[in-house]
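Some notes on the structure that comes next.
Numbering (the working numbering), first residue to last: 500 to 787.
Listed below in structure tokens is the structure:
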């Protein structure tokens with residue numbers, strides 16, 4: 500089977516780092532099994548397949564090397580950067596059909612692309628002792644002022660507050676235990692974070708999703724969307740705000756994810772967007 504794929508990095512910090520994604524255009528001709536084989540062959544954490552849609556501008560499906568997921572932030576940002584470069588879209592607003600629902604994409608005139616997320620779902624809180632062993636971490640390595648909790652704006656993650664950036668970057672995860680706990684709670688994986696900046700406008704993160712063959716991911720849009728809502732819920736941020744998330748530094752892939760949280764007069768979250776820049780666009784013709 501012959502196919503064409505574009506590869507590029509989303510959520511880059513300047514022109515460096517970011518999270519690599521594959522993007523396949525005109526994907527209606529491929530079966531589910533073929534898309535899964537293509538994603539496995541490419542080997543990135545996610546590959547996006549762009550289809551026609553009867554209810555939105557595009558239908559996008561997302562495959563990891565071994566499974567389909569409902570949504571992927573960085574692969575969506577990569578997809579629209581490619582569509583913009585190919586002059587399929589222009590600056591402005593578009594709708595995409597995903598298995599997480601109909602979502603909005605905004606292409607700003609500075610080239611940054613933002614994906615709206617589903618409104619937050621706050622799941623159960625998880626006992627601290629449950630995750631400590633899987634991170635080879637002692638209790639005093641956690642930020643005990645915030646809960647460990649399942650949160651989703653499209654994909655469920657366990658959000659884990661770490662005491663500081665130094666401890667965050669020194670963590671050596673036990674991926675077998677993380678896989679087991681992820682299965683138990685029906686989540687994609689762990690999203691760890693620390694709050695080291697004086698005004699809490701910069702958040703440092705690491706993301707582990709071994710259940711989906713992603714040991715560590717350098718930039719995770721959906722997880723940081725969920726984290727933005729969590730930070731508002733627990734009073735770390737007080738109102739509508741833009742946040743910067745730094746991720747991938749332990750992988751030598753420095754990444755920057757921007758979120759925009761919009762709060763109404765009733766103090767409710769009414770919109771959450773996650774976005775950033777892209778670079779490194781390449782075209783490949785492959786045979787499988």
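Yeah, the Cβ is synthetic: ideal placement off N, Cα and C, and Gly gets one too. The structure presented is a predicted model; accordingly, all values stated were derived computationally and were not measured.
(request) Under 6 Å Cβ to Cβ from residue 562, same chain only, skipping five residues before and after it: list those, please. (result) 534, 535, 538, 546
(message) Could you compute how far the alpha carbon of residue 565 sits from the alpha carbon of residue 607?
(response) In this structure, the CA atom of residue 565 is about 33 Å from the CA atom of residue 607.
(message) Given this structure, state the Cα-to-Cα distance separating residue 508 from residue 519, to the nearest angstrom.
(response) 4 Å
(message) Are the CB atoms of residue 641 and residue 660 within a distance shorter than 8 Å?
(response) The Cβ-Cβ distance between residue 660 and residue 641 falls below 8 Å.
(message) Could you pull the DSSP bridge partners for residue 656 from this structure?
(response) 650, 688
(request) Pick helix, strand or coil for residue 571, following the three-state DSSP scheme. (result) coil
(request) To the nearest angstrom, report how far apart residue 670 and residue 634 are at their CA atoms. (result) The straight-line gap from Cα to Cα measures roughly 6 Å.
(request) Would you mind reading off the limits of the alpha helix (DSSP H) that contains residue 521? (result) First-last for residue 521: 518-523, but that is the beta strand (DSSP E), not the alpha helix (DSSP H).
(request) Using alpha carbons as the reference points, say which of 570, 554, 548 lies closest to residue 581. (result) 548
(request) Using the Cα positions of residue 702 and residue 515, report the straight-line distance between them to the nearest angstrom. (result) 19 Å
(request) Measure from the alpha carbon of residue 615 to the alpha carbon of each residue in 621, 628, 681, 600, then state which is nearest. (result) 600
(request) With a 10 Å radius around its C-beta and 16 neighbouring C-beta atoms as the bar for buried, classify residue 656 as buried or exposed. (result) buried
(message) At the level of alpha carbons, what is the spacing between residue 627 and residue 787?
(response) Rounded to whole angstroms, residue 627 to residue 787 spans 45 Å at the Cα level.
(message) With a threshold of 8 Å, are at least 3 pairs of Cβ atoms found where one atom belongs to the region 575-595 and the other to the region 732-743?
(response) no
(request) Please report the Cβ distance between residue 504 and residue 541, rounded to the nearest whole angstrom; I am assuming they are in contact, meaning their Cβ atoms lie under 8 Å. (result) About 6 Å separates the two Cβ atoms, so the contact holds.
(message) What does the alpha-carbon distance come out to for the pair residue 776 and residue 506?
(response) 14 Å
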